[in-house]
Amino acid sequence: MARDQLQVLNALDVAKTQLYHFTAIVIAGMGFFTDAYDLFCVSLVTKLLGRIYYHVDGHEKPGSLPPNVAAAVNGVALCGTLAGQLFFGWLGDKMGRKRVYGMTLMIMVICSIGSGLSFGKEANGVIASLCFFRFWLGFGIGGDYPLSATIMSEYANKKTRGAFIAAVFAMQGFGILGGGMVAIIVSAAFNAAFKAPTYENGALASTVPQADYVWRIIVMFGAVPAALTYYWRMKMPETARYTALVAKNAKQAAADMSKVLQVEITAEQEKLEQMTDERSNQFGLFSKAFLRRHGLHLLGTTSTWFLLDIAFYSQNLFQKDIFSAVGWIPPAKTMNAIEEVYKIGRAQTLIALCSTVPGYWFTVALIDHMGRFAIQLMGFFFMTVFMFALAIPYHHWTLKENRIGFVVMYAFTFFFANFGPNSTTFIVPAEIFPARLRSTCHGISAAAGKAGAIIGAFGFLYAAQSQDKSKTDAGYPPGIGIKNSLILLGVINFLGMLFTFLVPESKGRSLEEMSGENENENEPTELQISHSARTAPV
Numbered sequence: 001m002a003r004d005q006l007q008v009l010n011a012l013d014v015a016k017t018q019l020y021h022f023t024a025i026v027i028a029g030m031g032f033f034t035d036a037y038d039l040f041c042v043s044l045v046t047k048l049l050g051r052i053y054y055h056v057d058g059h060e061k062p063g064s065l066p067p068n069v070a071a072a073v074n075g076v077a078l079c080g081t082l083a084g085q086l087f088f089g090w091l092g093d094k095m096g097r098k099r100v101y102g103m104t105l106m107i108m109v110i111c112s113i114g115s116g117l118s119f120g121k122e123a124n125g126v127i128a129s130l131c132f133f134r135f136w137l138g139f140g141i142g143g144d145y146p147l148s149a150t151i152m153s154e155y156a157n158k159k160t161r162g163a164f165i166a167a168v169f170a171m172q173g174f175g176i177l178g179g180g181m182v183a184i185i186v187s188a189a190f191n192a193a194f195k196a197p198t199y200e201n202g203a204l205a206s207t208v209p210q211a212d213y214v215w216r217i218i219v220m221f222g223a224v225p226a227a228l229t230y231y232w233r234m235k236m237p238e239t240a241r242y243t244a245l246v247a248k249n250a251k252q253a254a255a256d257m258s259k260v261l262q263v264e265i266t267a268e269q270e271k272l273e274q275m276t277d278e279r280s281n282q283f284g285l286f287s288k289a290f291l292r293r294h295g296l297h298l299l300g301t302t303s304t305w306f307l308l309d310i311a312f313y314s315q316n317l318f319q320k321d322i323f324s325a326v327g328w329i330p331p332a333k334t335m336n337a338i339e340e341v342y343k344i345g346r347a348q349t350l351i352a353l354c355s356t357v358p359g360y361w362f363t364v365a366l367i368d369h370m371g372r373f374a375i376q377l378m379g380f381f382f383m384t385v386f387m388f389a390l391a392i393p394y395h396h397w398t399l400k401e402n403r404i405g406f407v408v409m410y411a412f413t414f415f416f417a418n419f420g421p422n423s424t425t426f427i428v429p430a431e432i433f434p435a436r437l438r439s440t441c442h443g444i445s446a447a448a449g450k451a452g453a454i455i456g457a458f459g460f461l462y463a464a465q466s467q468d469k470s471k472t473d474a475g476y477p478p479g480i481g482i483k484n485s486l487i488l489l490g491v492i493n494f495l496g497m498l499f500t501f502l503v504p505e506s507k508g509r510s511l512e513e514m515s516g517e518n519e520n521e522n523e524p525t526e527l528q529i530s531h532s533a534r535t536a537p538v
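Residue numbers in the sequence shown follow the UniProt record's numbering, run continuously in steps of one, and reach 538 at the last position.
This is the structure in structure tokens:
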């Protein structure tokens, strides 16, 4: 049977939406804006890096990064992010959300600046230093995932908690948009100041020496929003749920939230001690009690995020086909180096405006009405449908007259990723685990997602190569082809739909009801009851 909630936590659960909620969204959201900017901005400049450092005299096409170098430049940040999610997720539960939150931001500022610097002028030195700093940049970004989600979930009221966490994650869309816009502004300014012929009219002259500054400015700009947010992050008080349920300091939690909510809150140290001293509220991550209570839920959050990110990050496969199909990016030899950055930036901005950003904000608007489970199931279902619709008649979509249809189907696939599992997989792990393990479990779930991202971005880059060796991209072995890759991605989305049934619905419930922290020992938690009710036969 459930106990009465601590007054400080109940005050947070029933609080009306007010200024401090929006302040928390902006502070946490600016971190996510920076995360997305830093992760995705490198895709804007890889073509330029190829032209500058891998030019081949007399070749009919501009220089490009060799496959292993391209994989390193694009993938090293994902590897760093995976490591950071696990490490800072664990540290957030040990040291507190606020103390660790500042560390991740400082790493991001320092490494964004470092990414634009390089050791020497030779290709090997530049790429090695870029990869070094981008790994540690990813490490800082990784920490932002569990900490931002946990802080927002612990500050929010239970009525609109889903929308608040989704709004933080939705800033990722604006970060991608911001990356495209910075690339447009910087490349347009340099292209106007330093005129250059197209590659086919002057191979060497098409890449002016000043182009080396363009990519450095774009990658270093990620330090600006992170630095602007640092002061406000340091001013945020520790979350009341960490202070009370983990640090076991009811007086401090009540004092902090009295200031934030501007109401009088009583410290209930005795009730807190009675709650936290029970054996049922002391089990660790690797205990039988955790396995019994939350094992299936952790399997659900990790598997769905893993499967979603395989599909989500595989979009690299057909982006170049889509951009060329609609005429957004003409052949590389018809542009100079800086003009190519401009066209790629414009294409990314248009994709973000048309598909990425709207999907996120549909989730924000509807998640506390439809619920997490329904949105995630619907998203995986439509992603499965659209992937199979792209794959089965793939030859039909490759014909010139049908390419616009391919673009529309592609846009819908990723609209339902963002108005679906890409948002909900971030939200749910921050709601269903106990406070003392919340950040750790979110970090584990997010790291599983990044493992999927690495498979999606690089495994499928190789898999999607033509089965005919003469038609593969330079440096790649034959693969299973794009059609078979799309069929495989459809199957992966269908598996995501099945694993969604392991994830409980948390709409409208307090975090303590979900995790069982205010339940008496040996009583089933609200989460277990809700999960059993949904999976029981009718």
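Glycine is no exception: its CB is placed at the ideal position from the N, C-alpha and C atoms.
| task | Using three-state DSSP, classify A240 as helix, strand or coil. | result | A240 falls in the helix class under three-state DSSP.
| query | Does DSSP put N10 in a helix, in a strand, or in coil? | reply | Under the three-state reduction of DSSP output, N10 falls in the helix class.
| query | What three-state label does DSSP hand W328 in the structure shown? | reply | It is coil, neither helix nor strand.
| task | Using beta-carbon positions only, say whether P197 and Y476 come within less than 8 angstroms of one another. | result | no
| request: Quick one: give me the first and last residue of the alpha helix (DSSP H) that I358 is part of. | output: In the sequence as displayed, the identity of residue 358 is Pro instead of Ile. Its alpha helix (DSSP H) spans residues V357 to M370.
| message | Is the separation between the beta-carbon of T17 and that of T160 shorter than 8 angstroms? | response | Cβ atoms of T17 and T160: closer than 8 angstroms.
| CA-CA distance, Y20 and V260? | 7 angstroms
| request: Look up residue 545 in the DSSP assignment and say whether it is helix, strand or coil. | output: Since the first and last residues shown for the chain are 1 and 538, residue 545 lies out of range.
| For E273 and Q7, the rounded distance between their alpha carbons | 14 angstroms
| Residues of its chain near A533, where Cβ-Cβ distance is below 7 angstroms and the 5 sequence neighbours each way are ignored | Here the model assigns A533 a pLDDT of 49, short of 50, so the residue's position is not dependable and the matter cannot be decided.
| query | By Cβ distance below 7 angstroms, which residues in the same chain neighbour V538 in space, the five residues on each side in sequence not counted? | reply | Here V538 scores only 42 on pLDDT, less than 50, and its place in the model should not be relied on; the value that follows carries that caveat. Within the same chain, no Cβ atom closer than 7 angstroms to the Cβ of V538 is found once the five residues on either side in sequence are excluded.
| query | Just curious, the alpha helix (DSSP H) that M335 is in, first and last residue? | reply | Element bounds for M335: n/a, residue is neither H nor E.
| said: Quick check: what's the CA-CA separation for Y199 versus W328? | reply: 18 angstroms
| Contacts around V56, its chain only, beta-carbon distance under 8 angstroms, and the 5 residues preceding and following it disregarded | G63
| Going by alpha carbons, who is nearest to G456 out of Y53, L9, I375 and A71? | Checked all of Y53, L9, I375 and A71; the closest Cα to G456 is A71.
| request: Under 8 angstroms Cβ to Cβ from G202, same chain only, skipping five residues before and after it: list those, please. | output: A196
| Inter-residue Cα distance where the pair is I184 and Y342 | Cα to Cα, I184 sits roughly 5 angstroms from Y342.
| What residue ranges within the stretch 172–252 form continuous beta strand (DSSP E) runs of no fewer than 3 residues, ordered along the chain? | none
| said: Using only the alpha-carbon positions, how far apart do I25 and G173 sit? | reply: 14 angstroms
| message | Using the three-state DSSP reduction, which class does V503 fall into: helix, strand or coil? | response | coil
| Local Cβ density within 10 Å of W136, reported as buried at 16 or more and exposed below that | Buried, since its Cβ has 16 or more Cβ neighbours within 10 Å.
| Tell me which same chain residues have a C-beta within less than 7 angstroms of the C-beta of S506, skipping the five on either side of it? | R372, V428, E431, I432 and M514
| query | With distances taken between CB atoms, is the gap from E154 to L511 smaller than 8 angstroms? | reply | The Cβ atoms of E154 and L511 sit closer than 8 angstroms to each other.
| Can the beta-carbon of T150 be found closer than 8 angstroms to that of S445? | no
| request: May I have a chain-ordered list of the alpha helix (DSSP H) segments no shorter than 4 residues that lie completely inside the stretch 62–128? | output: 67–95 and 97–115
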